[in-house]
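Heads up: the sequence shown at position 15 corresponds to 445 in the numbering used here, and the numbers run straight through without jumps.
All residues carry an ideal CB built from backbone N, CA and C; glycine is no exception.
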Amino acid sequence: MNTDTEKSDNKLIVAKPTKFLGVRHLQYILLLAAMVLGYGMRTVLNVGVIAMISDDPPNDKVPTYPEWASGAMFISSVFVVLIPYFGAQFGYGGVIACRIIQGMTQGFLFPCNHNLLSSWTPIIDRAKVGGFVYAGAPLGNVVAMPITGMIAASSVGWPVAFYLYGSLGILWSLVWIWLGSDSPSTHKIPTPWKSIITSLPFLAILVAHSGQNWGFWTLLTEIPSFMEEILGFKIASNSYLSALPYFVQWIMGLAMSPIADLLIMRNVLSTGSSRKLFNSIGLFIPAVALISLTFVSAGQKIITIVMLVIAVGFNAGVYVGYTVNHIDISPVHAGTLMGITNSLANIFSILAPLAVDAIKAISGYEETDKSLWNIVFFVAAGIYLLTGTFYIFTASGIVQPWDNLEHSKKSEREVKPTCLNS
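As C-alpha cells, this is what we get:
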C-alpha cells in the first residue's frame, strides 16, 4: 500500500503517496470492473427480454418466449450464462430461479467493496475513490444496454448477450484471484448489533438506500418498456436511448466525486454536510424530473428523453452521499453495514417492478397508456422525496461511538496485503 495513516493528537495524518499509481489503484480498477460487470449482468435481461418475448424475432432459429414477460421481470437482480438454457427448459420459472441465485451471490459485492475501500482508501480520497468505484454501476448499464440491444436485434440472437457477460464475469473472477488483495485486521472485532440497528445515522443510510433502490430499479427495469410502448422506439434504437441516461449518470458521478472531496478538504463543508448535499442532489432533482415527466405528452419525445436523462443522471449524487456514508460512521464495520443496508434495500429492488404490475392491475391501464407511467413516476418521485428528507435530518459524517476503534487498532496496524484466495 502506498499511503500510510497514523493518529496524532486525535488528528489523522496522511502521508504523501510514494507512487502515482500503486497496488491500491489496481484494487480500485478491479472493483470498478466488478461494478461494471455486475450491473451489466443485471441489465442484460432488462433489454434482452424485449427480444425474448417478441413474436417477430430477427432470427427465426432463436426461440422466443412471449409468456415470460411478467415472470422474468419479477426479479431485478443479476445474470448468469444459464439463463437461456433454463429459460428454454423451464420457462420463466427457470429464469426466476437463476435470478434469485445470482442475486444472492452478488449480494456480497457491495459489502466486499466497502471493506476493501475502507482498508485501502485514505480519508481525504474517500468520496473520490468511492465515486469512481460505484460509478461502475451506471457505466455497466451504459455498456450493457446497447450491446444487448445490438445482439438481440442481430441474427445471432439474444442468448449470445448472456454468454458474453457470463464469460466476462468468469474472466474477472480469475483476474481478481490473481491480482486482488485485502488488508484484514489480525483479530476479530465483535459486531455491536444493538447499537447499529438503533443508530439514527445508520437508519438514515438504510432509508436512503431503500429509496434509491426503489427509484433506480423502477427506471432501470421499466425504461426499455417505456421507450418501446410510449415513445415507439424499436429495440436497437431503444437500447441506445435507454443507455443514454446511465452514460450521463456515469459522467456526473465521476465529476461529483472530486468536488465532494474538495469541499471537505477545504473545510467548505463537513463530511456529514457534504454527504447530505450530494445525496439530496441525487434524490431530489430526479424526483422533480420524474414529476415533470407526468406533465409531458407522449408525443414530446425529446423533452421526455431530457427529463429521463436528468432523473437518472443527477441520481449519481447518491454515490458520494449515502453510498460512502457507511465508511464515515463506522470504518471498522463498513462492510457489515453495507451488507445490512444492501440486503434490506434489495427488497425494494424486487418490490419496485412488482409495484408496476400491481398498479397496472388495480388501475386497469396497459403499458401503452401514458397514465400508467404517470402513476409509476409519481410513486418513485414520492419515495425519493420522503427518503431523501429523512436522510437530511438524521444522517451524520462522524465516526459513531460503537465503532470499536479502540479495539481495532486500525490506524496502528501494519498493512500486509494478502491474496484473497489464500
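Beta-carbon proximity list for residue i, same chain, < 7 Å, skipping 5 on both sides
i: Phe744; result: Met682, Ile711, Gly712, Ile715, Pro716
i: Thr734; result: Leu661, Leu723, Val726
i: Leu671; result: Met657, Phe663, Ile735
i: Ala719; result: Met737, Ile740, Ala741
i: Met686; result: Gly561, Phe708, Ala746, Gly747, Val750
Beta-carbon contacts of residue i that lie in its chain and below 8 Å, excluding the five residues immediately before and after
i: Gly729; result: none
i: Ile635; result: Tyr752, Asn755, His756, Ile759, Leu767, Thr771, Tyr821, Ala825
i: Ser722; result: Met737
i: Gly827; result: Ser700, Thr701, Gly702, Ser703, Ser704, Arg705, Asn755, Asp758, Ile759
i: Ala791; result: none
Rounded straight-line distance, which links the Cα of residue j to that of residue i
i: Thr648; j: Val809; result: 10 Å
i: Val726; j: Ala782; result: 23 Å
i: Val762; j: Phe632; result: 14 Å
i: Asn489; j: Asn804; result: Only weak support exists for where Asn489 lies, its pLDDT of 49 falling under 50; the value from the coordinates is given anyway. Asn489 and Asn804: Cα-Cα distance of roughly 35 Å.
i: Gly765; j: Gly794; result: 43 Å
i: Asn834; j: Leu692; result: 28 Å
i: Met695; j: Val742; result: 28 Å
i: Trp680; j: Ala746; result: 7 Å
i: Leu816; j: Leu784; result: 20 Å
i: Val698; j: Phe823; result: 20 Å
i: Gly702; j: Val786; result: 35 Å
i: Asp653; j: Pro675; result: The amino acid occupying residue 653 in the given sequence is Ile; Asp does not appear at that position. Each residue's alpha carbon lies about 10 Å from the other.
i: Ser655; j: Glu796; result: 11 Å
i: Val637; j: Leu594; result: 35 Å
i: Pro620; j: Asn776; result: 26 Å
Closest by C-alpha distance to residue i, when choosing among the options
i: Tyr814; options: Ser793, Val748, Gly765, Ile777; result: Val748
i: Ile526; options: Ile780, Trp803, Asp799; result: Ile780
i: Ile789; options: Val806, Leu738, Ile740, Ala764; result: Val806
i: Ser801; options: Asn697, Ala785, Val637, Thr724; result: Thr724
i: Val678; options: Leu738, Leu816, Val829; result: Leu738
i: Ile627; options: Leu774, Met686, Glu658, Tyr670; result: Leu774
i: Val829; options: Ile577, Ser655, Ser629; result: Ser629
i: Leu661; options: Ser672, Lys731, Leu594, Leu720; result: Lys731
i: Gly818; options: Asp787, Ile740, Lys706; result: Lys706
i: Ala576; options: Ser655, Ala673, Ile653; result: At residue 576 the sequence reads Pro, which differs from the Ala that was named. Selected option, being the one with the closest Cα: Ala673.
Same chain only: Cβ atoms within 6 Å of residue i, ignoring 5 sequence neighbours per side
i: Trp832; result: Pro622, Ser625
i: Phe778; result: Ser640, Asn643, Trp644
i: Ala690; result: Ala557, Ser704, Phe708, Val750
i: Thr798; result: Glu659
i: Ala811; result: Ala717, Leu720, Ile721
Residue i CB to nearest heavy atom of the ligand MN below 8 Å
i: Ile526; result: Among the ligands in the structure shown, none appear at all, so the ligand MN cannot be discussed.
Inset, instruction - Give, in chain order, every unbroken run of the alpha helix (DSSP H) that is at least 4 residues long and sits entirely within the region 675-732. - result: 701-723
Inset, instruction - With a floor of 4 residues, list each alpha helix (DSSP H) that falls wholly inside the region 749-803, ordered by position along the chain. - result: 752-759, 764-793
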